[in-house]
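In the working numbering, the protein residues as written are 6 to 775.
Structure, rendered in structure tokens:
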């Protein structure tokens with residue numbers, strides 16, 4: 006630990022403190038701190054005066070006290086004296102640094118003070134230049150006993166820097182890296198040198214460009230000690246297949262939004278990895294075949310199936326029949342209705358040790374819930390979110406049967422106050438109830454439940470701006486690291502960036518109801534009534550009545566005025582949004598994005614310019630439109646329409662062909678990012694015309710991704726990947742319609758009605774490449 010301590014030295018230091026530090030009078034000292042006695046017990050006023058008993062404590066005791074304090078309190082304690090500064094630095098084991106490029110000169114002084122750091126976090130802002138290889142190597146030389154390392158957005162680190170770090174820090178047990186740029190060579194060097202590695206977490210590793218040509222990762226010397234592997238948002242996650250197969254002692258496997266078919270990997274894992282206890286699968290291409298392979302892990306205790314539309318009741322039944330030790334089960338059906346009563350009945354009959362069940366977008370009935378409550382006697386946490394079949398009868402069944410239930414979460418379900426009454430009479434061990442977005446549950450029902458069950462914590466929320474989640478679980482607590490305050494210039498940059506991102510993210514997501522939160526309900530009137538009730542007793546009853554009436558009328562007038570003002574403000578924002586589209590205000594993180602031209606195309610310019618490779622045009626003779634009605638050929642207006650119709654088709658044909666080629670030709674896998682050329686074309690010709698363009702971009706555009714549609718399991722779509730890591734779907738069909746309305750306002754609606762009413766299937770354009 007690097008801590009030097011002895012009781013004898015503490016006594017000598019105490020004598021020095023008595024002679025130099027404490028100069029106040031005895032009475033003042035006695036009133037300030039009980040640690041200081043102005044008069045000794047034996048009546049001697051000299052020896053016991055102004056004695057500092059804290060200085061008599063060994064260094065180990067002070068270090069133990071410091072470890073119980075927060076980071077801010079520890080920083081304040083380090084300013085008391087030199088001894089406390091030294092002890093606080095030597096007893097700090099966690100450190101979080103802003104990993105910008107100017108951190109290198111401060112490394113020696115930082116780790117001279119904090120020489121016992123074993124857990125280090127290096128986080129860089131996306132818009133800043135991160136640390137380079139030299140900084141990481143210097144850190145590894147000053148912290149050879151490092152056991153945990155977290156890297157976030159350190160894009161300047163290369164394979165060479167990671168390799169040098171791995172050779173210096175061979176005691177590493179946990180590595181977490183996200184949005185970094187090193188590749189498979191650096192990852193393999195960590196696995197070869199860090200033989201004690203137990204936990205590996207990788208998110209958006211940009212250094213591995215193609216899963217087909219990249220070097221396989223692992224297994225390496227660390228495969229024998231690895232217990233947890235977590236892969237997030239990797240379209241090349243198949244490269245880690247060798248590592249997963251080689252980790253014989255693997256207990257936890259988490260795969261989040263990784264592209265590719267994973268059934269084959271789980272088939273190979275059946276005979277090679279047998280100690281799996283926990284499996285998390287989210288937005289993964291896995292079918293019932295992979296579920297049957299997971300069913301071979303008889304020791305499985307925790308299973309999360311989140312938005313895996315190809316998994317059905319058949320796979321869940323196989324897992325329930327073989328994995329009888331299951332304790333926690335999370336299922337997000339994604340409104341696919343492929344997991345229902347059949348799978349839940351198998352879980353209820355075969356998994357009696359179930360303690361936690363979370364069902365999101367799954368429609369269980371009273372039949373399955375009743376058997377679950379009867380057989381799973383240890384069920385303590387239950388969450389039902391977005392279920393159309395969970396109503397008052399199902400809640401009454403839960404209240405009657407689930408005697409061990411402690412936490413219950415109900416969200417977006419057709420439950421009313423009758424369900425709350427049933428909860429008040431049942432579930433004797435219930436501690437916490439959370440009800441959100443259930444329109445049938447009123448505030449009176451929640452208040453009645455609180456009054457009936459005084460010890461019950463009731464959280465009632467009818468907000469409309471939240472996503473489906475399940476907070477009935479006890480797990481998932483984040484690790485609270487202690488952060489060291491960065492340099493002044495780093496602090497200002499980080500604070501400014503985070504504040505701007507947060508303000509942009511939340512500026513357009515507030516509804517009228519949330520903006521009027523201060524005045525909504527009875528809060529304003531209640532405050533005034535309490536003030537009047539506590540006033541002078543001499544005020545007459547009539548005077549109070551008139552005051553309440555005037556106050557109520559004033560409140561209604563103010564609220565109505567605020568609503569009208571906000572309506573005008575929202576309308577103004579819509580107008581400004583339209584003007585921004587016309588003035589080409591696009592995401593500031595792409596140079597070509599901010600220079601995108603939204604002006605109507607000129608025929609002369611289009612004839613002189615050569616189309617880019619992204620816009621490959623077909624033979625112009627295929628686009629000539631004729632009518633078979635001789636009476637219409639003589640109509641002037643009809644001829645004008647046909648000329649304009651052909652012009653619109655020529656204009657939109659390249660982007661239509663490019664979009665279809667991106668989505669349906671097999672060029673891009675699920676979860677893969679577009680190339681810069683295709684990305685520029687999609688943003689300029691489609692995304693920039695989206696009616697809610699700014700909402701889609703959010704805090705800034707990072708890239709465009711191809712993935713499955715969030716509501717239709719077998720449809721592919723385009724997604725905006727924001728700079729904060731979030732991604733959201735946008736409709737290319739709506740973009741195309743807005744593009745036509747903007748450039749051809751006179752004929753837009755007629756063209757959309759005839760050609761784009763059912764999507765981008767233009768009847769009169771020849772066959773598109775499939």
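We put the beta carbon where it would ideally sit given N, CA and C, even for glycine.
(request) Mind listing, in chain order, the continuous beta strand (DSSP E) runs of no fewer than 3 residues lying wholly within the region 156-194? (result) 179-183
(request) Can you give me the Cβ contacts of residue 757 inside the same chain, cut-off strictly under 6 Å, excluding the 5 residues immediately before and after it? (result) Numbered from its first residue, the chain shown carries residue 757 at position 752. Counting only Cβ-Cβ distances below 6 Å, and skipping sequence neighbours, we find 742.
(request) Find out if the Cβ-Cβ distance for the pair residue 322, residue 288 is shorter than 8 Å. (result) For the purposes of this step, residue 322 is taken as residue 317 along the chain shown, with counting starting at 1. For the purposes of this step, residue 288 is taken as residue 283 along the chain shown, with counting starting at 1. No, the pair does not count as a contact, with Cβ atoms beyond the cut-off.
(request) Measure the C-alpha to C-alpha separation of residue 309 and residue 279 and round it to an integer number of angstroms. (result) On the chain shown, residue 309 is found 304 positions in, with the first residue counted as 1. On the chain shown, residue 279 is found 274 positions in, with the first residue counted as 1. Each residue's Cα considered, the two are about 18 Å apart.
(request) Starting from the Cα of residue 259, find the closest Cα among 272, 242, 269 and give me that residue. (result) Taking the first residue of the chain shown as position 1, residue 259 is located at position 254. It is 242.
(message) For residue 736, tell me which candidate among 687, 224, 706 has the shortest Cα-Cα distance.
(response) Indexing the chain shown from 1 puts residue 736 at position 731. Looking at the Cα atoms, 687 is the closest of the given residues.
(message) Taking the beta carbon of residue 290 as the centre, do at least 16 other beta carbons fall within 10 Å, making it buried, or is it exposed?
(response) Here residue 290 is taken as the residue at index 285 of the chain shown, counted from 1. So residue 290 ends up on the buried side.
(message) Does the structure place the region 128-147 close enough to the region 100-111 that three or more beta carbon pairs sit under 8 Å?
(response) yes
(request) Check residue 206 in the structure and name its three-state DSSP category. (result) On the chain shown, position 201 is the one that residue 206 refers to. Residue 206: strand per DSSP, three-state reduction.
(message) Counting C-beta neighbours from all protein chains within 10 Å, is the total for residue 246 16 or more, i.e. buried, or is it exposed?
(response) Working through the chain shown from its first residue, we reach residue 246 at position 241. So residue 246 counts as buried.
(message) In this structure, how does DSSP classify residue 126 when only helix, strand and coil are distinguished?
(response) Numbered from its first residue, the chain shown carries residue 126 at position 121. Strand, per DSSP.
(request) May I ask which residues mark the beginning and end of the alpha helix (DSSP H) holding residue 649? (result) Numbered from its first residue, the chain shown carries residue 649 at position 644. Start and end: 641-669.
(message) Per DSSP, what are the beta-bridge partners of residue 445 in this structure?
(response) To locate residue 445, count along the chain shown from 1; it is residue 440. Its beta-bridge partners are 421.
(message) For a minimum of 3 consecutive residues, which ranges assigned as the beta strand (DSSP E) are wholly contained in the region 690-763?
(response) 706-713, 721-727, 732-735
(request) Compare the C-alpha of residue 380 against each of 360, 753, 389, 454 and name the closest. (result) For the purposes of this step, residue 380 is identified with residue 375 of the chain shown, where counting begins at 1. Ranking the options by Cα distance to residue 380, first place goes to 360.
(request) Report the three-state DSSP secondary structure of residue 682 (helix, strand or coil). (result) Position 677 of the chain shown holds residue 682. Correct three-state label for residue 682: helix.
(request) Whole angstroms is fine: what's the gap from residue 760's alpha carbon to residue 656's? (result) Indexing the chain shown from 1 puts residue 760 at position 755. Indexing the chain shown from 1 puts residue 656 at position 651. So the two alpha carbons sit approximately 14 Å from each other.
(request) Can you grab the Cα-Cα spacing for the pair residue 685 / residue 727, in whole Å? (result) Position 680 of the chain shown, counted from the start, is the residue given in the question as residue 685. Position 722 of the chain shown, counted from the start, is the residue given in the question as residue 727. Answer to the nearest angstrom: the Cα atoms are 15 Å apart.
(request) Would you mind working out which of 450, 709, 750 sits nearest residue 851, comparing C-alpha positions? (result) Because the chain spans 6 through 775 in this model, residue 851 falls outside it and cannot be assessed.
(request) State yes or no: is the C-beta of residue 344 within less than 8 Å of the C-beta of residue 318? (result) The residue given as residue 344 occupies position 339 in the chain shown. The residue given as residue 318 occupies position 313 in the chain shown. Contact flag set, yes.
(message) Comparing C-alpha positions only, which one of 94, 385, 409 sits nearest to residue 76?
(response) Position 71 of the chain shown, counted from the first residue, corresponds to residue 76. For residue 76, the nearest C-alpha among the options comes from 94.
(request) Excluding the 5 residues preceding and the 5 following residue 233 in the sequence, name in chain order all residues of the same chain whose CB lies nearer than 6 Å to its CB. (result) As a position in the chain shown, residue 233 is number 228, starting the count at 1. So the qualifying residues of the chain are 204, 257.
(request) Spatial neighbours of residue 118 within its chain, please: CB distance less than 7 Å, with the 5 preceding and 5 following residues excluded, ordered by chain position. (result) The residue you call residue 118 lines up with position 113 of the chain shown. The answer, listed in chain order, is 94.
(message) Using only CA atoms, which one of 676, 749, 448, 683 lies nearest to residue 722?
(response) Here residue 722 refers to the residue found at position 717 of the chain shown. The shortest Cα separation from residue 722 among 676, 749, 448, 683 belongs to 676.
(message) Do residue 170 and residue 202 have their beta-carbon atoms positioned less than 8 Å apart in this structure?
(response) Numbered from its first residue, the chain shown carries residue 202 at position 197. Numbered from its first residue, the chain shown carries residue 170 at position 165. Not in contact: residue 202 and residue 170 (Cβ atoms no closer than 8 Å).
(message) Looking at the strands, I want to know which residues DSSP matches up with residue 101.
(response) Position 96 of the chain shown, counting from 1, holds the residue named residue 101. Partner(s): 126.
(message) Tell me the residue span of the beta strand (DSSP E) that contains residue 333.
(response) Mapped onto the chain shown, residue 333 falls at position 328. Where residue 333 is concerned, the enclosing beta strand (DSSP E) stretches over 333-337.
(request) Tell whether a beta-carbon distance below 8 Å holds between residue 178 and residue 152. (result) Looking up residue 178 in the chain shown gives position 173. Looking up residue 152 in the chain shown gives position 147. It is a contact, given that the beta carbons lie within the stated cut-off.
(message) With distance defined between alpha-carbon atoms, name the residue in 196, 96, 108 nearest to residue 133.
(response) Indexing the chain shown from 1 puts residue 133 at position 128. Nearest option by C-alpha distance: 108.
(message) Let me check understanding here. Comparing Cα to Cα, which of 188, 145, 689 lies closest to residue 164?
(response) As a first step, residue 164 is located in the chain shown; it is residue number 159 there, counting from the start. Residue 188 is the option with its Cα nearest to residue 164.
(message) Is it buried or exposed, residue 573, if we count other Cβ atoms within 10 angstroms and call 16 or more buried?
(response) Here residue 573 refers to the residue found at position 568 when the chain shown is read from its first residue. By the neighbour-count rule (16 or more Cβ atoms within 10 Å), residue 573 is not buried but exposed.
(message) Which same chain residues end up closer than 6 Å to residue 641 when comparing Cβ atoms and leaving out the 5 residues on each side of it in sequence?
(response) For this step, residue 641 is matched to residue 636 along the chain shown. Cβ neighbours of residue 641 beyond the five flanking positions: none.
(request) Quickly, what does DSSP pair residue 466 with across the bridge? List them, please. (result) Residue numbering aside, residue 466 sits at position 461 when the chain shown is read from its first letter. Partner(s): 441.
(request) May I ask you to report which of helix, strand or coil DSSP gives residue 131? (result) On the chain shown, position 126 is the one that residue 131 refers to. Coil.
(request) Could you say which of 82, 314, 276 lies nearest to residue 298 if we only look at CA atoms? (result) Position 293 of the chain shown, counted from the start, is the residue given in the question as residue 298. Out of 82, 314, 276, 276 has the C-alpha closest to the C-alpha of residue 298.
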